[in-house]
Each structure stands twice: as C-alpha cells, then as structure tokens.
DNA sequence: CATTCACTATGATGACTGTCATAGACCCTA
DNA sequence: TAGGGTCTATGACAGTCATCATAGTGAATG
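Written as structure tokens, this is what we have:
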C-alpha cells in the first residue's frame, strides 16, 4: 500500500462506493476504510478535496467503459445490443443488485458545484459517440445509429435503477428483446 | 398552515426535494424551511422519522403518475409513447433541468433499511402494470405490451438522468422517435 | 371550569461530514 | 552523513444530520 498506488487505490475504491452509495455515501472515511489507504494523505493526493476524487473516479470508470465499447466487434446491430446490455446486466449481478452506474449516481448527486455534473455529462457523451460508432461498424443504419445509442444508454441506466429496486434483473430481458428488434429493423 | 394539512404539505415538499436533491438532500431542516411547516411537529406527524416521510412521498408521487397513465386514452401505441415521454420531458423542463424522478432517486438513495427500496419497487411495478394496460388499450400487440412498458419506463428514467447531466432534453427526441417505431411495428 | 388531546417550540444529543494544520516517517540524492 | 521531498499519522475545526425529551400552546370536550 506504500509508494505510488495509493491514489489509484482510492480512485478505484471511490468508483465502487460511488456505484453502491452515491456521492454522499462516498465519504473519505468510508473510502479510506474500504481501501485500507491512509486517511492522512488525502489532501496530498487530492488537493481539490472530495470533488477531485469523485471527478477522477468518474473519469476512470468512464474511460474504462468507453474502451469496452470501442472493443466491441459485433457482426450485427443486434449483437451490439446484446453485448452492451449483457455487460451492464452482469455488473448489476456482480454487485448483488446493490449497485447502480457510478456515473449516473454522480450526475444525480452533483450539488451546486457544476464540476461533477459536467464530468458525468462528458462521460455520457463519450459513451454515446463510442456506441454510435459500434452500431455503424456493425452495419446498422448510419443515420439511425446515434438514436440507437441514445436509446440503449438511457434504457440501460433506467434498467439498473429498476433492477436494483426489485433486486432482479429480468428487466434486461425485455430491453434486450425489444431493442434487438428495433436495431435490426432497418439495418442489413 | 394550521390544522390538518401540515402533513400533506410536508409530503408534497418532500416529493419536490426528493426529485431535486435525492434522499440525503431531503433533510427535515430543508423540508420544513421549504414548506414553511413547523419543525417541532415532525415526529408527531411522522413517528417513523425520515423514512416514513420519504415512503409517503414516494407513494404520493407514485399514485399521481399512475393515475396519469391510467387516464391516457390514446388511439395508437405511438401516441402512448408520445404522451408518456412528453410528460417526463416537460417535468424535466419545469424543474429547469435540475430534477430527476423522485422514485428513482429514492431507489438509489435507499440505504440499509429496505423499506425505501421496496417502496420504490412497488411504484415501478405499478407504473409497469398501468403502462402495459395503456399499450393494450391503444391496440398494441398484447403479448409485447409488457415489454414496451418496461422499455419506456427504463428509457425515461435514464433520459432524465442524462438530460439533467447535460441540461438539455434533446435525448427525448431520439427516444420518442425510435420507440414510436418500435411499438408501431407489430401493433394495429 | 377542568381535563384531555392535537399540535408546536426549543434545544440537547451523539454521530458523521469535509477540511486542514501540524508533526513525524520514509527514501532518494548529494 | 546530511538534506529535502514525498508520503503518512493524528487530531482539531465548524457544520449538519436524525432523533428525541421537555415544555408549552390552544381548542374542543366533559
């Protein structure tokens, strides 16, 4: 836990906690306890305080998911839907139905300070661009791909909330089923 | 502000604050200040403390929206989509892009105590049933209506988050456009 | 008039929050 | 060996949170 990775550990822990408990639940006390990182050096690593930590956490998970989307090499638009929803679904399961999207939680928990809101906005935009490209690559209708991406992201975010509320991920079945139909209609 | 409506005032105020600031931001101090209700009688009206207030607020807004859905008398499935998203969209605008769905915020902000999670779960289920019926009434494919309802609710919840993050409601355009196509495909 | 009840006012409690100052520990370089 | 920069430990700070106890109000009932 010494040397240089304390900062990274904190950011990583903040991502998990952000998904599970939101911005307010991600207090420094909880972060340091969950990650076994030293409480004394917080303002050394994050001079901007809590906001800086959360921002970095949002950037981190945002970039990670973006990379995941960019790596999708699907043969059909329906496969893009399958992979995208499948990832979120398994994330929900992995959290034992106790986690939401960290970015969504940040957008919701953003207070007066606009920095957090803007950070999550940028992530959403990045995801939208990447997913749009993925749809185009898979042979979807080019002019509709942006719409498809928006629908998928919005639906996934909503499904996470509903799935968590019901401790059940069957919502994803309906979404996957219908959105596959939608994106297949015009493509190919 | 005397007599019997203090309780109702508090619940009403809690709904607004819940949508804007989430569970944690809906503190008693803020509620009483925003509604000009007496701070001293909180535990008289809500012996269950904060949880009871939030629960009642979720029930309240849940029933209100349910009634709204039940009142929809649409000629086509596409019209159901139009009305449903239109309502959420104008709610977002009305809040100056600073409000989410109060029920979603409660689901997210629910802590260890399961009561809040369950309350929001029930509301989501109620909405799902009502919207499914609305689709069936409008002539949509009966076996697909449940899926349609799930997709619409999830997408709307996600769109609220994204719209708030970007202070922009153009996401709703894409959603409305595509989901109208989807629900029209099999219906009629 | 007296009692009871619904409601309100005030303030204390202890826990937790983000923030920061101070001082000590570690290790690389000279 | 000495110095200096990076990191850590400890704890104080002002504030807010939910909760509750105590005391008080006024009105309706008996």
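Residue numbers (our numbering), protein chains in the order written: chain A, 1 to 188; chain B, 189 to 376. Built from N, CA and C at the ideal position, the CB exists for glycine as well.
Check whether residue i and residue j have beta carbons under 9 Å apart
| i | j | result |
| --- | --- | --- |
| residue 157 of chain A | residue 250 of chain B | no |
| residue 203 of chain B | residue 290 of chain B | yes |
| residue 161 of chain A | residue 295 of chain B | yes |
| residue 13 of chain A | residue 35 of chain A | yes |
| residue 321 of chain B | residue 261 of chain B | no |
| residue 355 of chain B | residue 117 of chain A | yes |
| residue 32 of chain A | residue 126 of chain A | no |
| residue 185 of chain A | residue 332 of chain B | no |
Nearest residue (CA-CA) to residue i, options the options
| i | options | result |
| --- | --- | --- |
| residue 163 of chain A | B/195, B/279 and B/342 | B/342 |
| residue 234 of chain B | B/273, B/198 and B/295 | B/198 |
| residue 367 of chain B | B/323, B/355, B/314 and B/299 | B/323 |
| residue 7 of chain A | A/43, A/20, A/130 and A/144 | A/43 |
| residue 378 of chain B | B/301, B/252, B/325 and B/292 | Outside the shown range of chain B (189 to 376) lies residue 378 of chain B, about which nothing can therefore be said. |
| residue 246 of chain B | B/373, B/258 and B/205 | B/205 |
| residue 94 of chain A | A/5, A/19 and A/121 | A/19 |
| residue 181 of chain A | A/128, A/121 and A/82 | A/82 |
| residue 98 of chain A | B/279, B/288, B/301 and B/357 | B/301 |
| residue 68 of chain A | A/129, A/32, A/96 and A/121 | A/129 |
| residue 120 of chain A | A/41, A/60, A/141 and A/5 | A/60 |
| residue 152 of chain A | A/100, A/96 and A/131 | A/131 |
| residue 299 of chain B | A/100, A/138 and A/111 | A/100 |
Rounded distance between the beta-carbons of residue j and residue i, thought under 8 Å
| i | j | result |
| --- | --- | --- |
| residue 165 of chain A | residue 272 of chain B | Not a contact, Cβ separation roughly 19 Å. |
| residue 211 of chain B | residue 297 of chain B | 3 Å |
| residue 277 of chain B | residue 360 of chain B | 5 Å |
| residue 92 of chain A | residue 169 of chain A | 5 Å |
Quick test of the definition: if touching needs 3 or more C-beta pairs under 8 Å, does the segment 45-55 of chain A touch the segment 20-31 of chain A? Output reads yes: the segment 20-31 of chain A touches the segment 45-55 of chain A.
Which residues, in chain order, does the segment 353-366 of chain B contribute to contact with chain A at a C-beta distance below 7 Å? So the list reads 353, 354, 359, 362, 363, 365 and 366, given in the order they occur along the chain.
Quick check: the segment 322-337 of chain B against the segment 263-271 of chain B, are at least 3 beta-carbon pairs closer than 8 Å? In this structure the segment 263-271 of chain B touches the segment 322-337 of chain B; the number of beta carbon pairs closer than 8 Å is three or more.
Select from the segment 230-256 of chain B all residues with a C-beta closer than 9 Å to any C-beta belonging to chain A, and list them in chain order. Legend: CB atoms of the segment 230-256 of chain B lying less than 9 Å from CB atoms of chain A are not found in any residue.
According to a CB-to-CB cut-off of less than 8 Å, which residues of the segment 147-163 of chain A neighbour chain B? Listed in chain order, the positions of the segment 147-163 of chain A with a beta carbon within less than 8 Å of a beta carbon of chain B are 147, 148, 150, 151, 153, 154, 155, 156, 157, 158, 159, 161 and 162.
The segment 300-312 of chain B: which residues have C-beta closer than 7 Å to a C-beta of chain A, in chain order? Of all residues in the segment 300-312 of chain B, only 305, 308, 309 and 312 come within less than 7 Å of chain A when Cβ atoms are compared, listed by chain position.
Using a Cβ-Cβ cut-off of less than 9 Å, give me the residues of the segment 275-300 of chain B that come near chain A, in sequence order. Of all residues in the segment 275-300 of chain B, only 288, 289, 291, 292, 293, 294, 295, 296, 297, 298 and 299 place a beta-carbon less than 9 Å from a beta-carbon of chain A.
Listed from N- to C-terminal order along the chain, which residues in the segment 204-223 of chain B have their beta-carbon within a distance smaller than 7 Å of any beta-carbon of chain A? Within the segment 204-223 of chain B, the residues whose Cβ lies closer than 7 Å to some Cβ of chain A are 210 and 212, listed in chain order.
Give the residues from the segment 314-333 of chain B that approach chain A closer than 9 Å (Cβ to any Cβ), ordered along the chain. For chain A, the residues of the segment 314-333 of chain B that bring a beta carbon within less than 9 Å of one of its beta carbons are 316 and 332, in chain order.
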